Every structure is written in C-alpha cells, then in structure tokens.
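Report on the following structure.
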Ligand SMILES: [Fe+2]
C-alpha cells in the first residue's frame, strides 16, 4: 500500500492518499480545494491514477477539492447519502465497500458530528487503519452543535461502533490542532478525556457545554461543499 498523510495548515485538515501499488489506483480522503495542484503533482510523481475523492462528511471549515479533482482526473466523488448532495457521483451507505485495486475501504456510518458523517476502515498487511473523520479525534471528538449534529448519536457511533474495534486499530483523524498525527483505539479509550464520560447523559452534558465559536468559513464552506466545492 502507498500511504501519505497530508496536512492543510489553515483548517488543520488531514488528507489521506491511499494507493494500491499493484493497480496504481488511488483514493484521496478529505481533500482541500486550495491543495488540489499539490495532490495532482503527488499523484503524478507516485505514478497513481485517482479513482475516488471521498469526503467523510460535509465540512464546515474548508472547501472540498472533490469537484476540482473530478474535473482534473475523471475520478468518482463519494459522500454519505445523508448529505443530500446532488453533485456527488455516488452516495454511500453503511457497510459499502470501495475497492481501490486490491485494497478495500469499508464505510461505517458514524453520525453525531454531522448527520452525514462516515468513518472508513482499511486492512492491509495485518494492520487495520481507521479514518475517523471528525467523529473521533486524537484526545477529542468532533463538535456536535451544528449541521444536524447530535451528541447522543455521536455517543453511539463512538462507543458502539468505533471503540468496538480492536485496540490496536490505528486512528487517523480528519483534523488535529496540536500536531498529533496518529493514535490507536486502545490509546484513545485510555486517554481521550471525552471517552471517559460515565454514560450517555454525561457525554451529552459535556458536549453541550463546549461553547465553541462557529468556524469562520462555515457560511461559505457548507453550501460550497454541497456543490462538491464549486463556488
Ligand atoms: Fe467537520
């Protein structure tokens, strides 16, 4: 497997490039529009053909590069069907499997941060990778106070779906604001303060008291992302 974790500074977004070395097919997870030239250069340098540009959810803090990548490469764009985006090539459902050559990405519906949030699981060479979007962050969880976010749904997504994965599963989040790049399910279970909530009501209480300002780009980014990043 060819794997790159890419970082966009302004929104602290992680973008993941996953490629199959046998078929030269690749997928990009959570792209940022301003970085598209960089992705295209990297794909070319690594000899990869982009098959899919996939978003874990409709982002409020940056504009997706999916539409621009589709224009440039002819790739298929994917987003959860709950997003109701008419411009994506294909809407995803829980359990859908995306094949990238010999690699397979499995979609897990993990609502809570937004109602269209998905996480993606991939097995390669005895290691399991979880791309957790903004559902599970390193020592945090995605806010649940807009875009049909729901702390109860997020609790179920976290405790019944993601934390049920084996402890050694690697966790690659959608953002990090402190410079952390990688964690594991076991590490987050033990050390993520939000996952120490004693029950669902305690978690909902915790999430309702965060009092975070809205993302600066929210009013522009959400409608643009419903249109695959087109202005
Ligand atoms: Fe988000």
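Residue numbers (my numbering): 1127 to 1357. Ideal Cβ placement from N, Cα and C applies to all residues, glycine included. On a predicted model such as this, the values are computed, not experimentally measured, just so you know.
Cβ atoms of residue 1298 and residue 1140 come within 8 angstroms of each other, at about 7 angstroms. Taking one beta carbon from each stretch, the region 1236-1253 and the region 1205-1212 have 3 or more pairs nearer than 8 angstroms; the two touch.
Inside the region 1226-1298, DSSP marks whole beta strand (DSSP E) runs of 3 or more residues at positions 1229-1235, 1244-1250, 1253-1259, from first to last along the chain. Between residue 1326 and residue 1281, the C-beta spacing is below 7 angstroms. Pairwise C-beta distances place the region 1193-1201 out of contact with the region 1222-1236, as fewer than three of them are shorter than 8 angstroms. Using a Cβ distance threshold of 7 angstroms, residue 1296 and residue 1310 count as a contacting pair. The criterion of a C-beta distance shorter than 7 angstroms is not satisfied by residue 1192 and residue 1174. Between residue 1137 and residue 1188, the CB-CB gap stays under 7 angstroms.
With a 10 Å radius around the Cβ and a threshold of 16 neighbouring Cβ atoms, residue 1210 comes out exposed. Using a cutoff of 6 angstroms, the CB of residue 1260 counts as near ligand 1, since one of the ligand's heavy atoms is closer than that. When DSSP assignments are scanned along the region 1163-1223, the uninterrupted stretches of beta strand (DSSP E) that are 3 or more residues long and fall wholly within it turn out to be 1175-1180, 1202-1206, 1216-1218.
For residue 1278, the closest C-alpha among the options 1132, 1236, 1158 is that of 1236. For residue 1222 and residue 1216, the gap between their C-alpha atoms comes out near 11 angstroms. Rounded to whole angstroms, the gap between the alpha carbons of residue 1354 and residue 1317 is 36 angstroms.
Cβ neighbours of residue 1162 within its own chain (closer than 8 angstroms, five residues either side excluded): 1191, 1194, 1195, 1198.
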